[in-house]
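Counting from 1, one number per residue, gives the positions in the sequence shown under UniProt numbering.
All residues carry an ideal CB built from backbone N, CA and C; glycine is no exception.
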Amino acid sequence: MTINSASGPDSYAAPAASTLDAASNPSLFSELPRYQIDSVFALIADYIADTHPEKVSLGPGVYRDDQGAPWPLNVVEKVEKQLFEKNDAGRHEYLTIAGDGTFLELARDLCFGFGEGTPEEEKLKLKIASVQTISGTGANHMGALFLSKYLKPARVWISDPTWMNHHTIWELQGVERRTYPYYHAEKRAFDFEGMMATLEEQAEKNDVILLHACAHNPTGLDPTKEQWKAIADLCERKGLFPFFDSAYQGFASGNLTEDSWSVQYFLRNKPNMEMCLAQSFSKNFGLYGQRVGAFHLVSNEPSSELRESIKVNLCHLIRGEYSMAPRGGSTIVKTVLLDEQLKKEWQNDLTIMSDRIKVMRKALYDELQRLGTPGTWEHLVTQIGMFSYTGLTAAQCHALRGKHHVYMLDSGRASITGLTSENVVYVARAFDDVVRNN
Ligand SMILES: Cc1ncc(COP(=O)(O)O)c(C=O)c1O
């Protein structure tokens, strides 16, 4: 650009008007599809813009403490200090394409419940190829990308409802998406019969079936152990490919083993079934913005050659997509999982978070009972994890926002972590009002 001598170097002379106007020369991008911004992010923006002093955010899936503030885990703060003091000169170096090998082994051991080092465990480990990903979303994405290329499923079965990004991720791979019933609105319960009947009748060999390992988002309703066993049998009988999404291990119940029961059952009881798992450390370590995750593909052969071949193919895709995952957050997770004492401290932090959520569920339930709010509310205390599927209608959720400045998704999903001892009575009164008047 030539700088006009009459103006300073900071000014900018507009170029002469083009002879072609926008109407005769439309942008190459003027016909882009009109996507809506993800509803959770739109809700956050509206909440931030609201100036009401008593506004409450029950939208995003992030933990908040009883003051409504973000809570870096005690163990994470401790390890961050240790790492800072260590001043390792290599701390900003590239990882390998597959990621940090030690982190990956620890992450795998955590979700598949390895620890004893028995010969059976070592054999199982040979079946699992693991790569580091851009958190749970990246793990879901890499799984969808790999499977769409190499398994080539005719369709993927996604629970109705689900975390909305499952749809986006699979839509981007061009795989036909079908939904299986998950929520029984009248009973406010998991629709086990509906799910099984649909999959039994309509799913076909090689189809992928997406399963939430625990704390189903958004309903907070999980299958019982007996139901999980029946789901595993169905997958085996019909030749379906289970894809576990594990975003809440330890965060849901406070118990790491309990929250990965489904995954461990499938691995140990269906030796010939191949499957995969997307693992996130966003919630259970509070490392949302650090993007820590892993993708694990389980084959049916305990063979280091096959494992290596799967890994190399995953790495080929990773190299072209993001080269390698970031190392900051995974170094924190690795440091904790390597050290028994730090692991105990982490367990303590998990208990603090899951207990607070249980206390808030109960407080909301008690207050609605006290107010005599029409309807049944037991589901608030029986659902687990971060979210409650409250059963409020879209109109009631609108009224909650417009009249009471309480923000939650139109589906009726409330992030329980947004409740505090101070605002829970206010929120219960707001629920009571919209239930009676909308
Ligand atoms: C079911 C489910 N899967 C995966 C994720 C992935 O989260 P992240 O990409 O932050 O790890 C989330 C986050 O809300 C989730 O709820």
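Asked: Cβ-based burial, residue 259 [other Cβ within 10 Å; buried from 16]; Found: buried
Asked: Bounding residues of the beta strand (DSSP E) (the contiguous stretch that carries residue 415); Found: 413-415
Asked: Sufficient close CB pairs (3 or more, under 8 Å) joining the segment 302-309 to the segment 142-155; Found: no
Asked: Residue 222 CB to nearest heavy atom of ligand 1 below 7 Å; Found: no
Asked: Check: residue 180 C-beta below 7 Å from any heavy atom of ligand 1; Found: no
Asked: Reduced DSSP category for residue 51 - H, G, I as helix; E, B as strand; rest coil; Found: coil
Asked: Proximity test, residue 45 beta-carbon vs ligand 1 heavy atom, cut-off 7 Å; Found: no
Asked: Cβ neighbours of residue 348 in the same chain (closer than 7 Å, five flanking residues each side left out); Found: none
Asked: Which residues DSSP lists as bridging residue 294, in chain order; Found: 132, 279
Asked: For residue 310, the residue or residues it bridges with in DSSP; Found: Residue 310 is not bridged to any residue.
Asked: Sheet register partners of residue 246 (DSSP bridge); Found: 279
Asked: Pick from 404, 421, 386 that is closest to residue 413, judged by C-alpha positions; Found: 386
Asked: Secondary structure, beta strand (DSSP E): runs of 3+ residues fully inside the segment 95-125; Found: none
Asked: Separation of residue 356 from residue 433, as counted between CA atoms; Found: 26 Å
Asked: Nearest-angstrom Cα separation, counted from residue 105 out to residue 228; Found: 26 Å
Asked: Minimum C-alpha distance to residue 426 - residue among 407, 411, 438; Found: 407
Asked: Pair within 8 Å by beta-carbon distance, residue 251 and residue 209; Found: no
Asked: Residues surrounding ligand 1 [beta-carbon distance to nearest heavy atom under 5 Å]; Found: 61, 135, 136, 137, 163, 217, 245, 247, 280, 282
Asked: Residues bridged to residue 209 (per DSSP); Found: 157, 242
Asked: Residue 4 in three-state terms, based on DSSP; Found: Note that residue 4 scores 41 on pLDDT, short of 50, meaning its location in the model is unreliable; the coordinates nonetheless yield the value given after this. If DSSP states are grouped into helix, strand and coil, residue 4 belongs with coil.
Asked: Same chain, Cβ closer than 6 Å to residue 431, five either side skipped, listed in chain order; Found: none
Asked: Nonlocal neighbours in the same chain, by C-beta distance under 8 Å from residue 6, ignoring five residues either side; Found: Since pLDDT at residue 6 reaches only 38, below the 50 mark, its modelled position is unreliable, and the value read off the structure follows with that caveat. Once the five neighbours on either side are set aside, residue 6 has no close Cβ partner at all.
Asked: Residue 361 - containing alpha helix (DSSP H), residue span; Found: 340-371
Asked: Other residues of its chain near residue 428: CB distance less than 7 Å, five sequence neighbours each side excluded; Found: 364, 367, 368, 371
Asked: N- and C-terminal bounds of the beta strand (DSSP E) containing residue 265; Found: Counting along the chain, residue 265 falls outside any beta strand (DSSP E), though it belongs to the alpha helix (DSSP H) covering 261-269.
Asked: DSSP-derived helix/strand/coil call for residue 387; Found: strand
Asked: Closest by C-alpha distance to residue 232, when choosing among 91, 199, 217; Found: 199
Asked: Limits of the unbroken beta strand (DSSP E) element including residue 177; Found: 176-181
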